[in-house]
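Novice:
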Amino acid sequence: MLQDHELEKLAVESRQRLIQEFAETHADLRERSRRIPTNEAQRLAENLACPFQIATLAYIIDMDGILSAREAANLLSAELERLASVGEEVPNLPGNVMEFALAEGRWIEYIYGKFTREMEFKVRELSNLEGFLEDESPAVEKAVALIWSRSKVAETFVSPLVEAWLNEHKKSTSEDMMMVFGSAITKWKKSTLKGKLSQLQRRSQAFFRKLSMILSSDTSESATVDLSTKRLNELVEALGKSLHEMTPKAAAHLLVHIAPRITGRGDKSAYVAMGAASTRGNKAEPDLSSPFDFLERDVLLAKRRPEKDRKQFLIDRIGRVIRFLKHQGRTVSEGVELALKELEDRLNLEDVPMEDLIDKYKAEITGVSVDRQEEVGVKQILDYIIIYAYGEVLA
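Here the sequence shown is numbered in the numbering used here, starting from 315 and rising by one per residue.
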């Protein structure tokens with residue numbers, strides 16, 4: 315069992331790694347932002363009705379497969395609005411807005427990328443430990459192991475990140491932080507999360523009280539049990555405070571509590587909001603290493619979305635793939651051709667007049683200006699998916 319001073323030592327090491335990693339990410343984003351084609355960033359800015367600098371970072375985040383450009387721009391704009399609302403408005407000058415976008419883009423990449431992946435893995439391990447609570451007579455030893463395992467995740471992994479976010483985001487509160495981290499973890503809309511937070515706080519307190527009751531059944535004079543009970547009582551009290559008053563440590567424990575647990579098959583991620591898994595290779599999902607792994611998954615996921623949401627979902631995902639291929643040096647025509655062939659093979663599509671389609675699509679792309687070629691290419695792939703993957707008639 316880890317002692318408090320050992321948890322703090324691990325937290326310090328985590329903070330140091332975070333500082334180094336963020337410095338490297340910031341430098342990388344700055345360099346990449348200079349290489350983004352100006353005309354594409356400007357077009358994206360017009361489509362999303364946001365500043366050029368915000369669009370540039372949204373473009374990078376989209377290309378990295380973290381979020382769609384629209385989602386990234388919305389998050390960046392939301393933080394701009396929060397800063398303005400607390401009297402810390404970013405001056406509307408290109409250099410200032412770019413510095414803001416780089417700093418906040420770094421957080422978006424980390425939270426929606428590495429943090430959610432690691433959180434899922436760590437919660438998977440906790441979920442296995444939490445299974446003992448269903449036993450008729452839960453063992454004290456297992457309760458102690460669970461308390462300290464959750465404390466390690468919350469206080470050496472989540473809490474240092476939470477503290478860094480609060481320190482860097484001027485005049486922010488634990489509630490602001492919870493909206494950002496909690497939405498990334500749960501995939502809920504911020505309005506949904508906000509409506510559920512009070513209930514989630516009470517459930518978290520109830521969970522720790524249940525563990526405390528298990529410990530109270532121990533009749534031995536164990537220093538470990540006493541220390542664990544003291545920790546539980548402190549957490550119950552800390553979680554009873556409003557979010558504005560909640561300490562980063564308590565907020566970190568709450569985030570661990572609300573993180574989705576694995577349900578059903580163990581190889582299916584709880585972070586995939588909608589089902590429709592790939593069966594290729596008898597896996598729940600493809601390997602997700604190439605842009606076409608993601609596109610294959612997204613085509614399957616989109617099939618089960620409401621029809622009114624499906625089109626925009628696919629347009630965002632297809633656009634990301636096209637931009638990634640362009641970044642690798644391919645033309646839009648080459649990217650479209652590759653996408654059609656990959657989807658035909660991966661989805662086992664039949665009766666596709668591939669050669670005729672490719673000739674037709676190349677002619678269409680060649681016949682428009684360069685700044686419209688990506689838009690045309692995205693629509694071509696979208697039409698192909700609707701007709702040949704879904705077997706539907708174009709509206």
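We put the CB at the ideal spot given by N, CA and C, even for glycine.
Residue 289: which of 335, 575, 515, 542 sits nearest, CA to CA?
Specialist: Because the chain here runs from 315 to 709, residue 289 falls outside it and cannot be looked at.
Novice: Could you compute how far the alpha carbon of residue 332 sits from the alpha carbon of residue 319?
Specialist: Within the sequence shown, numbered from 1, the residue matching residue 332 stands at position 18. Within the sequence shown, numbered from 1, the residue matching residue 319 stands at position 5. Taking the Cα positions, residue 332 is about 20 angstroms away from residue 319.
Novice: Beta carbon of residue 708, beta carbon of residue 628: below 7 angstroms?
Specialist: Taking the first residue of the sequence shown as 1, we reach residue 708 at position 394. Taking the first residue of the sequence shown as 1, we reach residue 628 at position 314. In this structure, residue 708 lies away from residue 628, with their beta-carbon atoms at least 7 angstroms apart.
Novice: In its own chain, which residues sit with a C-beta less than 8 angstroms from the C-beta of residue 344, not counting the 5 before and 5 after it?
Specialist: Here residue 344 corresponds to residue number 30 of the sequence shown, with the count starting at 1. In chain order, 416 place their CB closer than 8 angstroms to the CB of residue 344, counting only its own chain and leaving out the 5 sequence neighbours on each side.
Novice: Return the chain-ordered list of same chain residues with a C-beta closer than 6 angstroms to the C-beta of residue 566, the five sequence neighbours on each side being excluded.
Specialist: For this step, residue 566 is matched to residue 252 along the sequence shown. Contacts found: 468, 472, 473, 476.
Novice: Taking the beta carbon of residue 703 as the centre, do at least 16 other beta carbons fall within 10 Å, making it buried, or is it exposed?
Specialist: Position 389 of the sequence shown, counted from the first residue, corresponds to residue 703. Under this definition residue 703 is a buried residue.
Novice: Using a Cβ-Cβ cutoff of less than 8 angstroms, which residues in the same chain neighbour residue 609 once the five nearest sequence positions on both sides are dropped?
Specialist: The sequence position of residue 609 within the sequence shown is 295, counting from 1. Taken in chain order, the residues that qualify are 631, 632, 635, 653, 656, 657.
Novice: I need the DSSP call for residue 395, collapsed to helix, strand or coil.
Specialist: If you number the sequence shown from 1, residue 395 lands on position 81. It is helical.
Novice: In this structure, how does DSSP classify residue 382 when only helix, strand and coil are distinguished?
Specialist: Here residue 382 refers to the residue found at position 68 of the sequence shown. Three-state result, residue 382: coil.
Novice: Using a threshold of 7 angstroms, state whether the C-beta atoms of residue 364 and residue 399 are closer than that.
Specialist: Along the sequence shown, one-based indexing puts residue 364 at 50. Along the sequence shown, one-based indexing puts residue 399 at 85. No, the pair does not count as a contact, with Cβ atoms beyond the cut-off.
Novice: If contacts are defined as beta-carbon pairs under 8 angstroms, then residue 397 and residue 373 qualify, I think. What distance do you get, rounded to the angstrom?
Specialist: Working through the sequence shown from its first residue, we reach residue 397 at position 83. Working through the sequence shown from its first residue, we reach residue 373 at position 59. At roughly 22 angstroms, the Cβ-Cβ gap does not stay under 8 angstroms, so residue 397 and residue 373 are not in contact.
Novice: Use the C-beta contact count for residue 558: other C-beta atoms within 10 angstroms, 16 or more gives buried, fewer gives exposed.
Specialist: As a first step, residue 558 is located in the sequence shown; it is residue number 244 there, counting from the start. Looking at its Cβ environment, which holds fewer than 16 other Cβ atoms inside 10 Å, residue 558 is exposed.
Novice: Who are the Cβ neighbours of residue 692 in its own chain at under 7 angstroms, not counting the five residues just before and after it?
Specialist: As a position in the sequence shown, residue 692 is number 378, starting the count at 1. Excluding positions up to five away in sequence, the list reads 629, 632, 633, 636.
Novice: Is it right to say residue 369 is buried, meaning 16 or more other beta carbons lie within 10 angstroms of its own, or is it exposed?
Specialist: Counted from its first residue, the sequence shown places residue 369 at position 55. The C-beta of residue 369 has 16 or more other C-beta atoms within 10 Å across all chains shown, which makes the residue buried.
Novice: So residue 781 packs on residue 651, CB below 8 angstroms; how close in whole Å?
Specialist: Here the chain covers residues 315 to 709 and nothing more, so residue 781 does not appear.
Novice: With DSSP collapsed to three states, give me the class of residue 630.
Specialist: Taking the first residue of the sequence shown as 1, we reach residue 630 at position 316. Assigned with DSSP and collapsed to three states, residue 630 falls in helix.
Novice: Taking the alpha carbon of residue 441 as the reference point, which residue from 571, 669, 509 has its own alpha carbon closest?
Specialist: As a position in the sequence shown, residue 441 is number 127, starting the count at 1. The shortest Cα separation from residue 441 among 571, 669, 509 belongs to 571.
Novice: How many Å lie between residue 386 and residue 376 at the Cα?
Specialist: Within the sequence shown, numbered from 1, the residue matching residue 386 stands at position 72. Within the sequence shown, numbered from 1, the residue matching residue 376 stands at position 62. Between residue 386 and residue 376, the C-alpha separation is close to 7 angstroms.
Novice: Going by the CB atoms, is the gap between residue 519 and residue 550 shorter than 7 angstroms?
Specialist: Within the sequence shown, residue 550 is the residue found at index 236, counting from 1. Within the sequence shown, residue 519 is the residue found at index 205, counting from 1. For residue 550 and residue 519, yes; Cβs fall inside 7 angstroms.
Novice: Determine the burial state of residue 430: buried for a count of at least 16 other Cβ atoms within 10 Å of its Cβ, exposed for fewer.
Specialist: If you number the sequence shown from 1, residue 430 lands on position 116. Residue 430 is buried by the Cβ-count criterion.
Novice: Of all the options 688, 470, 408, which has the alpha carbon lying nearest to the alpha carbon of residue 327?
Specialist: As a working note, residue 327 is residue 13 in the sequence shown. Of 688, 470, 408, the residue nearest in Cα terms is 470.
Novice: May I ask you to report which of helix, strand or coil DSSP gives residue 664?
Specialist: As a first step, residue 664 must be located in the sequence shown, where it is residue number 350. It is coil, neither helix nor strand.
Novice: Do you know how far the Cα of residue 661 is from the Cα of residue 611?
Specialist: In the sequence shown, counting from the first residue as 1, residue 611 sits at position 297. In the sequence shown, counting from the first residue as 1, residue 661 sits at position 347. If I take the Cα positions, the gap works out to 10 angstroms.
Novice: Would you mind sorting residue 537 into buried or exposed? The rule is 16 or more other CB atoms within 10 Å of its CB.
Specialist: For this step, residue 537 is matched to residue 223 along the sequence shown. That one is exposed.
Novice: My output table needs one value for residue 578: the three-state DSSP class, helix, strand or coil.
Specialist: Against the sequence shown, residue 578 aligns to sequence position 264. At residue 578, the pLDDT of 44 sits below 50, so the modelled position is not reliable; the number obtained from the coordinates is stated separately. Here residue 578 sits in coil by DSSP.
Novice: Out of 508, 394, 408, point me to the one whose CA is closest to residue 485's CA.
Specialist: Counting from one through the sequence shown, the residue named residue 485 turns up at place 171. Ranking 508, 394, 408 by Cα distance to residue 485 puts 394 first.
Novice: With a threshold of 6 angstroms on Cβ separation, who are the neighbours of residue 324 within its own chain once the five nearest residues in sequence on each side are excluded?
Specialist: Within the sequence shown, the letter at position 10 stands for residue 324. Excluding the 5 residues flanking it on each side, residue 324 has same chain C-beta neighbours closer than 6 angstroms at 470, in chain order.
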